[in-house]
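One point on numbering: in my numbering, the residue at position 404 of the sequence shown is 389, and numbering is uninterrupted.
Glycine residues also receive a C-beta, built at the ideal position from the N, C-alpha and C atoms.
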Amino acid sequence: MKSDVEIAREAHLDEIQVIAERLNIPKDKLKPYGRYMAKIEGRAFEDHDEARGKLVLVTAINPTPAGEGKTTTNIGLAMAMDKMGKSTISTLREPSLGPVFGIKGGAAGGGYAQVLPMDDINLHFTGDFHAITSANNLIAAAIDNHIHQGNELGIDPKKISFKRVLDMNDRALREVIVAMGPKKNGVIRQDGFDITVASEIMAILCLARDLEDFKARVGRIIIGYTYDEKPVYVKDLEVAGAVTMLMKDAILPNLVQTIENTPAIIHGGPFANIAHGCNSIIATETALHLADYTITEAGFGADLGAEKFLDIAAPEAGFTPDCIVVVATVRALKYNGGVAVKDLGEEDVDALKAGFVNLKRHVENMKSYGVPVVIAINKFPTDTEAELKTIDELAVGLGVDVALSDVFSKGSEGGMELAEKVVALCEAPNSYAPLYDTNLPVEEKIEMISKKIYGAKDVVYSDDALAMIERIKKLGRDKLPVCMAKTQMSFTDDPTKLGSPEDFTIHIRDIRLSNGAGFIVALTGAVMTMPGLPKVPAANGMDIDAHGVITGLS
């Protein structure tokens, strides 16, 4: 089969104005970025019927080296529903350059289920992440400048919680010393970098309703504390307006298309292991008004992205998901059953049965939210009839349907079975409700997620975490939802524990308050907010020739 880049290069793309016309987006609401990408300005749906379309959430089992194909399934499902005559939009997160050049590679789908132009989307796109990086680092610069210029606010340099960011995996920047050299460089202090997708500015972009809401949230960001333990906000530095100015275009959702010309809106990109893992509320809201069906996704496994969509993003936006698709592969289930990566191409029904427990817990978790669920098996050429039949048999006990998805190889044609089941489930009874009441104590919210979603027996807190919880209570911000920062590889905080572990402990090593975004971050285990590159980064296999033709990007 041809590479993703080769397939994308051969695709016929419609001019972006044609895609916009299909959605009845007025010309004055479209801001083109070349021929095939555009920003959607303002509330493009103002003249549309206020009745919202159906919302489908695509999630998956815990990611494995075997691959799951959640984004590919999202795109293929949208194309299949479009082919059925259903007005459909795929909504996705924007790729971060960190994973593009690190382990994961690109995030624009794959095979015959891609969003295009894939090279632009995977690289700089419309510049949103650069805007976020600049906006974040303007705040960081303002903090150090304020201290250097006399520190009227009394900011304690040892209690600054706001970090600089960079959209690249760079472990060397996790801990740094700033203002080294002569006195004119500022006050020397310890600092550090997060990756851009972990920035609170990113979270705010994805949770804000409009530019005014964005500015208000930025003003509420706590950058640190004074010598007498009082919080210092961005609004105190008087730069919230300037930060928002930098984001005037980045806050607008991006319109592109799939390989079969189905509309796609791609906007925002917080990671789900260190942030809340969902595309922007603005993008989803726009899609819900422009189409009958919106296919969205949440990052990594359902224990992370889907939980955060259902407990943070959906309640914040007032969304009610109509159907949840849980993606798995035969290969990934066998990996969870103990099969080495090199042997995943061999039939092993026993290992599949053993690894099915991972899918089982994810499905049961999603059903607990009261939303109809369907399993999508992303097909690989090595899957055998016996293995696929085994999944069908095991799924009966879960009370959910299974659909085979072959969109990678066949595009929309390979997603028709899944599309038909999703359309039917969107009309099924729905009693969606978040997992917890946000008015509960912080520790109780953390423990409900840890025990009911992860299956943990106990939760233990470091002294620093407990102290921060007390500080949050004193600030009156303990009624916010909780965003867990945890490894994506396991239900536990140990990435080596596969399947469906039991009787384990979740370790809360730190607590952070994302006051502007409006949630409390609980950091578990050894999860890093600035990833590092692997021994052989994906970047090593990428190149571009004298004619601008890219290779190795997928």
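Whole-angstrom distance between T423 and V324, CA atom to CA atom:
When rounded, the distance between both Cα atoms is 41 Å.
For N264, count neighbouring Cβ atoms within 10 angstroms of its own Cβ and tell me buried if that reaches 16, exposed if not.
With 16 or more Cβ atoms within 10 Å of its Cβ, N264 is classed as buried.
Check the Cβ-Cβ distances between I206 and every residue of chain B, and say whether any is below 8 Å.
As a matter of chain content, chain B is missing from the structure shown, which is built from one protein chain.
According to DSSP, simplified to helix, strand and coil, what is Y439?
In the three-state scheme derived from DSSP, where H, G and I count as helix and E and B as strand, Y439 is classed as helix.
Report yes if the C-beta distance between V546 and D179 is below 8 Å; otherwise report no.
A query on residue 546 cannot be resolved here, the shown segment of the chain reaching from -14 to 539 and no further.
Closest to G290 by C-alpha separation, out of R78, E(-9), A51, would be which residue?
Nearest of R78, E(-9), A51 to G290, Cα basis: R78.
Closest by CA to H347, which one among R156, D377, F285, L231?
Per the Cα distances, F285.
Does the distance from the CB of P80 to the CB of Y21 come in under 8 Å?
Contact flag unset, no.
Is it buried or exposed, E185, if we count other Cβ atoms within 10 angstroms and call 16 or more buried?
Answer is buried; the Cβ neighbour count reaches 16.
Between the CA atoms of E487 and G440 - distance to the nearest angstrom
One Cα belongs to G440, the other to E487, and the distance between them is close to 6 Å.
So, with DSSP's three-state summary, where would you put V315?
Reduced to three states, the DSSP call for V315 is helix.
Considering H492, what are the terminal residues of the alpha helix (DSSP H) in which it resides?
Annotation: H492 is outside any alpha helix (DSSP H); the continuous beta strand (DSSP E) that includes it extends over 490 to 499.
Going by CA-CA distance only, name the one from L344, G322, I457, G384 that's closest to T481.
Comparing Cα-Cα distances from T481 to each of L344, G322, I457, G384, the minimum goes to G322.
Who are the near neighbours of V310 in its chain, counting only those whose CB is closer than 6 Å to its CB and skipping five residues on each side?
Around V310: V43, V359, A361.
So T57 packs on G94, CB below 8 Å; how close in whole Å?
Taking C-beta atoms under 8 Å as the contact rule, T57 and G94 qualify, at a distance of about 5 Å.
Contained alpha helix (DSSP H) runs [length at least 4] in the region 226 to 284, N- to C-terminal order
Fully enclosed alpha helix (DSSP H) runs of 4 or longer: 266 to 275.
Taking its Cβ as the centre, do 16 or more other Cβ atoms sit within 10 Å of F472, making it buried, or is it exposed?
The question names Phe, but residue 472 is Thr in the sequence shown. Buried is the call here.
Would you check whether the ligand GDP has a heavy atom nearer than 7 Å to the C-beta of G384?
This structure does not include the ligand GDP; it has no bound ligands of any sort.
Rounded C-alpha distance that separates L196 from I25
Taking the CA atoms as reference points, L196 sits about 14 Å from I25.
Quick check on R156: buried or exposed, where buried means 16 or more other Cβ atoms within 10 Å of its Cβ?
In summary, R156 is exposed, with fewer than 16 beta-carbon neighbours lying within 10 Å of its beta-carbon over all protein chains present.
Measure the Cβ-Cβ separation of M69 and A404 and say whether it is below 8 Å.
In this structure, A404 lies closer than 8 Å to M69 by Cβ.
Collapsed DSSP secondary structure at T564 in the structure displayed
Given a span of -14 to 539 for the chain in the structure shown, any question on residue 564 remains unanswerable.
Within the chosen definition, does the region 212 to 229 reach the region 123 to 135 through at least 3 CB pairs nearer than 8 Å?
Result yes; three or more Cβ-Cβ pairs closer than 8 Å.
In the DSSP output, what is E27 paired with across the bridge?
First, the residue type needs correcting, since residue 27 is Gly and not Glu in the sequence shown. In the DSSP assignment, G27 is bridged to no other residue.
Excluding the five sequence neighbours on either side, which residues of its own chain have a C-beta within less than 6 Å of the C-beta of G526, listed in chain order?
When the five nearest sequence neighbours on each side are left out, the beta carbons in the same chain lying within less than 6 Å of the beta carbon of G526 are those of G537, in order along the chain.
If you follow the alpha helix (DSSP H) that R456 is in, where does it begin and where does it stop?
Following the DSSP letters along the chain, one finds R456 inside the alpha helix (DSSP H) bounded by residues 448 to 459.
Could you check the C-alpha separation between K520 and Y417 for me, to the nearest Å?
Looking at the two C-alpha atoms, the distance is approximately 43 Å.
Identify every residue that forms a DSSP beta bridge with C468.
Beta-bridge pairing by DSSP links C468 to V506.
Reducing DSSP to helix, strand and coil, say where S119 ends up.
S119 falls in the helix class under three-state DSSP.
Going by beta-carbon coordinates alone, are F114 and G262 separated by less than 8 Å?
Not a contact, by the Cβ cut-off of 8 Å.
Is it buried or exposed for T181, if we count other Cβ within 10 angstroms and need 16 for buried?
Result: buried.
Out of D530, A523, S539, state which residue places its alpha-carbon closest to the alpha-carbon of F86.
F86 has its Cα closest to that of A523, out of D530, A523, S539.
Minimum length 4: unbroken alpha helix (DSSP H) runs contained in the region 188 to 215
Counting only runs of 4 or more, we get 196 to 205.
Buried or exposed, going by whether 16 or more other CB atoms sit within 10 Å of the CB of Q134?
With fewer than 16 Cβ atoms within 10 Å of its Cβ, Q134 is classed as exposed.
In the DSSP assignment, find the unbroken beta strand (DSSP E) run with K(-13) in it and report its ends.
Neither: K(-13) is in no beta strand (DSSP E) and is coded neither H nor E.
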